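These notes concern the structure reproduced below.
Residue numbers (this note's numbering): 357 to 534.
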């Protein structure tokens with residue numbers, strides 16, 4: 357639940373036309389062939405914090421040399437195993453998903469909390485913690501990789517409220533029906 361003084365919890369996804377959010381081996385370099393932080397700057401401006409899974413964090417670390425210009429506020433990583441060497445730019449959380457969302461929302465202030473990562477997003481959706489889903493559909497077919505939603509995610513009804521195109525990228529936005 358949100359009120360006028362707080363931002364929303366938004367699952368943010370980049371997806372190939374055939375439904376993959378990462379290619380084989382969790383590759384995501386194909387994303388930067390089609391979009392940058394300037395493609396939809398209003399999304400970044402509305403984001404106050406990010407909650408991501410450990411796998412997405414690790415992929416992002418490997419790709420940081422390629423794309424360093426996305427600033428989504430405070431970063432929280434939900435993990436069972438925090439790294440041995442701390443990252444001064446990240447808060448690692450080992451709590452349950454509800455507590456992780458609450459902590460990250462506080463850090464986001466009146467801006468949105470962006471949820472990244474297939475597993476963390478599915479947990480948030482399963483527990484009714486998501487207000488909106490934002491999907492960037494890119495003009496590419498990957499054929500294999502990490503699907504938009506993992507197996508076992510129950511039906512979730514959505515209400516479309518916006519679609520915008522910037523170059524070859526289409527941004528679709530949906531409210532999650534509660």
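A virtual CB, placed ideally from N, CA and C, is assigned to each residue, including glycine. No experiment lies behind these values; they were computed from the predicted model shown.
Where residue i sits in the DSSP three-state scheme
i           : result
residue 384 : coil
residue 403 : strand
residue 379 : coil
residue 416 : helix
Rounded C-alpha distance that separates residue i from residue j
i           : j           : result
residue 372 : residue 401 : 24 Å
residue 475 : residue 520 : 27 Å
residue 439 : residue 445 : 13 Å
residue 487 : residue 455 : 17 Å
residue 395 : residue 377 : 18 Å
residue 518 : residue 490 : 9 Å
Buried or exposed (CB count within 10 angstroms, at least 16 for buried), residue i
i           : result
residue 451 : exposed
residue 484 : exposed
residue 470 : buried
residue 459 : buried
residue 403 : buried
Candidates the options: closest to residue i by CA position
i           : options            : result
residue 363 : 399, 436, 435      : 399
residue 448 : 458, 460, 432      : 432
residue 524 : 496, 435, 463, 405 : 496
residue 527 : 516, 534, 533      : 516
residue 504 : 482, 477, 514      : 477
Any non-hydrogen atom of the ligand ADP within 6 Å of residue i CB
i           : result
residue 493 : Looking for the ligand ADP in the displayed structure turns up nothing, as the structure carries no ligands at all.
Chain D contact for residue i (CB, 7 Å cutoff)
i           : result
residue 501 : Here there is only one protein chain, and chain D is not present.
Residue ranges of each alpha helix (DSSP H) within the stretch 439 to 470, 4 or longer: Taken in chain order, the complete alpha helix (DSSP H) segments of 4 residues or longer contained in the stretch 439 to 470 are 453 to 464.
Return the chain-ordered ranges of every alpha helix (DSSP H) run that is complete within the stretch 477 to 512 and spans a minimum of 4 residues. Those alpha helix (DSSP H) runs which fall completely within the stretch 477 to 512 and span 4+ residues do not exist here.
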